[in-house]
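Peer 1:
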Ligand SMILES: C[S@@+](CC[C@H](N)C(=O)[O-])C[C@H]1O[C@@H](n2cnc3c(N)ncnc32)[C@H](O)[C@@H]1O
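Numbering (my numbering), first residue to last: 31 to 154.
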């Protein structure tokens, strides 16, 4: 969320973006990544069960800012015909649990986005 001056409250207080700050604080990085993974866990089952039709016909899917891959791990297991890729910052991808069904790409979404049928994004 950004204020009138175009910077977030976090950036105003700490002088840098939250992602940059977290990259230098391993404990905070872990807490944050696990917290957003918990949020993803709580909705992805409902998404798969209630709206599974939207995944039919897809061959590839990229989750931009996909964190440690919680959402895509569930989708990849439910729809094994889809090649699933998570793009997130290096300090996040480094801590992702290994999952053979999901490819992890460490990078900055402003520099590179892997090609796919569908590109999803949930960053702020
Ligand atoms: C709200 S979290 C999303 C969590 C994830 N969608 C999930 O389901 O667990 C936002 C994510 O965007 C990532 N992010 C922020 N800026 C980014 C950038 N420039 N390039 C790639 N990822 C970025 C953060 O590291 C963080 O993991």
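Heads up, the beta-carbon is just placed ideally off N, CA and C, and yes, glycines get one too.
Out of 109, 100, 71, state which residue places its alpha-carbon closest to the alpha-carbon of residue 83.
Peer 2: When only C-alpha atoms are compared, the closest one is 109.
Peer 1: Kindly identify the DSSP beta-bridge partner or partners of residue 142.
Peer 2: Partner(s): none; residue 142 has no beta bridge.
Peer 1: Are residue 93 and residue 74 closer than 8 Å when you measure CB to CB?
Peer 2: In this structure, residue 74 does not lie closer than 8 Å to residue 93 by Cβ.
Peer 1: What residue range is occupied by the uninterrupted alpha helix (DSSP H) comprising residue 98?
Peer 2: First-last for residue 98: undefined, no H or E at that position.
Peer 1: Please confirm if the segment 137 to 154 is in contact with the segment 84 to 103, defined as three or more CB-CB distances below 8 Å between the two stretches.
Peer 2: With a cut-off of 8 Å, the segment 84 to 103 and the segment 137 to 154 count as touching, because enough Cβ pairs lie within range.
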